[in-house]
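Residue numbers (the working numbering), protein chains in the order written: chain A, 95 to 359; chain B, 38 to 472.
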């Protein structure tokens, strides 16, 4: 695993330490099964507004499943999840309300290949938030400029590189002006040079105070930006701590084993 | 150990090699022949065999169809006299029958003085199809396309014009009902709105146009007089146009999580697919009227169109379901995570991609349906194959066999090939996901 070029001495930037007391996401005693398989066990997690959380762990630990439960791409069978004060149940109205406020970026970008970049970004604001087309296009160009690819607006996703596609995916989510952003291994499908451009975008987002939950293997990013690092294994949260404490003094043996393997080489 | 590394020479590229054009390909007929026809011994042998087969069959075919053929005559015996006078021995094509009976092939037994009506309807069909098939045409012309079915019906069957105008209002009223439900449910009408709109439209069509019986209009023509290519086009085009939306709904119903809708869709698809089209046509011609309230005898052609549409929809549903399954699940997830509800994500994201993937299968079903319209000859309608029998029954043309089938086959081939080429054009135009 290649580490991106972040100095291992850089602690979290003090200007990023600001976290409010307002609860953005509250997960209480959440359990999920796939058939007989108990994939998430007794998850208790509170995310405050402005917090940036990195979730790491071995494959199959349930990290992606956890964040997918937050915007109801997966259903939980037990426990409660409350996002922005709205409880996540099978009520479609609640789900739609929550999905408007929670943006998500996927490992495989999931851009719409039959639409141009601009249309990808304006689709949801026009059809979900009912914003007029002109205004939606201005917002889209603003966010495309922010992720540094305004000139690609009229191309199709198939004509862009992986890093550009992922940045478009981030811009597309931002166009809905969400209050929480979820990232499901956003850089895992990218080669090293493109990882940096995507991580830079995410760091900028963090500096503006966005609440972020990020499943990633990029430990340098975690050290630079995260308020909390959560380690999951076999469906439960094994350890969570501030990044420096987490990397320097892991408490659980399982965490120590994991860190030794990913930071070792 | 210097000899271990003896072959390794450190290398640094001195500069970036600039891109240059590829070498000019040697072209020429001989090169093409050698590459494509004689590239290996087995290919060469196959080429020689193919040439021999063509040399044996093609001249005989051209002789029969063009060189020895008789183009104008009054009867089969006259054909034979003309051919004998020319010194033709052996068989020849008596195209005179097609020449003589061309109108019957085209229009069946439609009154001759009213031929302008089906011709006009045919020309308008191209005008109505153009905005649907080609995006470059301004979108306002779609209104004309929407009106076309009613105009074409009135041109072909005649009758008073006021009921047709009332029928045009049907979907308008249905749309108003849809909007009403939308307003009542505060924004999202969903399935209830569509059902309401469809129900209101069907009820309107069932009762309102029937209220008016007279007034100005065109001379009416009964369905029994329609036949030939006109009939094939009526059944084929209506079936094609109607089976696509219905097939989409069935495919979505089959994928649905609502057990009631899913079961209904599965039963419908499996039943229709499991039964030959001929049996469905027999049902249409004999039994279907019993399912409707007494007194409403639906026209035979309408019943046939309904059956053909249902038949094609079942096949279409499975083709589209394949397209829906081929779509990566990430597309569904991305649409969901952006907050799009079911019908919006279907309309904007999923169906455009799924239909594009299914284009070969969809056009295949269309072509199959168009040719299947010849089955209506079994229930007495005079489609191009069915009209051969009355023509052959005429003592003038008794004994002609091949000319009819070659001609009808050519007609179908032209239309099916046209559909095929359009589908390739569409696939090329929609291939946006390749660099």
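Where a beta carbon is used, it is the ideal one built from N, C-alpha and C, also for glycine.
{"query": "Beta carbon of residue 351 (chain A): closer than 7 Å to some heavy atom of the ligand GTP?", "result": "This structure lacks the ligand GTP, and indeed carries no ligand of any kind."}
{"query": "Any Cβ of chain A within less than 8 Å of the Cβ of residue 460 (chain B)?", "result": "no"}
{"query": "Return the chain-ordered ranges of every alpha helix (DSSP H) run that is complete within the segment 184-270 of chain B and spans a minimum of 4 residues.", "result": "199-221 and 227-244"}
{"query": "Can you check whether the C-beta of residue 165 (chain A) is within less than 8 Å of a C-beta belonging to chain B?", "result": "yes"}
{"query": "Can you give the Cα-Cα distance for residue 461 (chain B) and residue 250 (chain B), rounded to whole angstroms?", "result": "47 Å"}
{"query": "Pull the bridge partners of residue 126 (chain A) from the DSSP assignment, please.", "result": "A:134"}
{"query": "On the CB-based measure, 16 or more other CB atoms within 10 Å of its CB, does residue 270 (chain B) come out buried or exposed?", "result": "buried"}
{"query": "Apart from the five residues on each side of it in sequence, which residues of its chain come closer than 8 Å, Cβ to Cβ, to residue 166 (chain A)?", "result": "182, 189, 192 and 193"}
{"query": "When DSSP labels each residue in this structure, what does residue 322 (chain A) get in the three-state scheme?", "result": "strand"}
{"query": "Determine whether the Cβ of residue 59 (chain B) lies closer than 8 Å to any Cβ atom of chain A.", "result": "no"}
{"query": "Using Cβ-Cβ distances below 8 Å, what residues of the segment 377-408 of chain B are close to chain A?", "result": "377, 378, 381, 385, 386, 389, 390 and 393"}
{"query": "Taking only beta carbons into account, state which residues of the segment 189-218 of chain A come closer than 7 Å to chain B, listed in chain order.", "result": "190, 193, 194, 198, 200, 202, 204, 206, 207, 208, 217 and 218"}
{"query": "Could you please give me the residues that DSSP links to residue 141 (chain A) through a beta bridge?", "result": "A:119"}
{"query": "Should residue 221 (chain A) be flagged as near chain B, meaning a C-beta pair shorter than 8 Å?", "result": "yes"}
{"query": "Would DSSP call residue 316 (chain B) helix, strand or coil?", "result": "helix"}
{"query": "Can you confirm whether the segment 289-298 of chain A touches the segment 221-231 of chain A when touching is taken to mean that 3 or more C-beta pairs between the two stretches lie within less than 8 Å?", "result": "no"}
{"query": "List the residues of chain A whose Cβ lies closer than 9 Å to the Cβ of residue 371 (chain B), in chain order.", "result": "198, 200, 203, 204, 205, 206, 263 and 266"}
{"query": "For residue 463 (chain B), collect the residues of the same chain with a Cβ closer than 7 Å to its Cβ; drop the 5 residues on either side in sequence, then sort them by chain order.", "result": "396"}
{"query": "Note down, in chain order, every chain A residue with its Cβ under 7 Å from the Cβ of residue 374 (chain B).", "result": "165, 167, 193 and 198"}
{"query": "Can you tell me whether DSSP reads residue 124 (chain B) as helix, strand or coil?", "result": "coil"}
{"query": "Would you mind reading off the limits of the beta strand (DSSP E) that contains residue 274 (chain A)?", "result": "274-278"}
{"query": "What do you get for residue 96 (chain A), buried or exposed, if any count of 16 or more other CB atoms within 10 angstroms of its CB means buried?", "result": "Because residue 96 (chain A) sits at a pLDDT of 40, beneath the cut-off of 50, its placement in the model cannot be relied upon, and the following sentence gives the value as read from the coordinates. Flag for residue 96 (chain A) reads exposed."}
{"query": "Answer with yes or no whether the minimum CB distance from residue 472 (chain B) to chain A is below 8 Å.", "result": "Only weak support is given to the placement of residue 472 (chain B): the predicted model assigns it a pLDDT of 40, under 50, and the value that follows is read from those uncertain coordinates. It does; some Cβ of chain A falls within 8 Å."}
{"query": "What are the residues in the segment 342-361 of chain B lying within 7 Å of chain A by C-beta distance?", "result": "none"}
{"query": "So, is the C-beta of residue 273 (chain B) closer than 8 Å to a C-beta in chain A?", "result": "no"}
{"query": "Can you look up residue 392 (chain B) in the DSSP assignment and give me helix, strand or coil?", "result": "helix"}
{"query": "What residues match up with residue 145 (chain B) in a beta bridge as DSSP calls it?", "result": "B:263"}
{"query": "Our contact map puts residue 327 (chain A) next to residue 155 (chain A) with C-beta atoms below 8 Å; I'd like the distance itself, whole angstroms only.", "result": "5 Å"}
{"query": "Quick check: what's the CA-CA separation for residue 350 (chain B) versus residue 116 (chain B)?", "result": "46 Å"}
{"query": "Beta carbon of residue 122 (chain A), beta carbon of residue 174 (chain A): below 8 Å?", "result": "yes"}
{"query": "For the beta strand (DSSP E) holding residue 335 (chain A), just list the boundary residues, first then last.", "result": "330-335"}
{"query": "So with Cβ pairs under 8 Å, would you call residue 367 (chain B) a contact of chain A?", "result": "yes"}
{"query": "Please list the terminal residues of the continuous beta strand (DSSP E) segment that includes residue 172 (chain A).", "result": "172-177"}
{"query": "So, is the C-beta of residue 296 (chain A) closer than 8 Å to a C-beta in chain B?", "result": "no"}
{"query": "Hey, is residue 275 (chain A)'s beta-carbon within less than 8 Å of any beta-carbon in chain B?", "result": "no"}
{"query": "If you draw a straight line from the alpha carbon of residue 241 (chain B) to that of residue 201 (chain B), how long is it in whole angstroms?", "result": "12 Å"}
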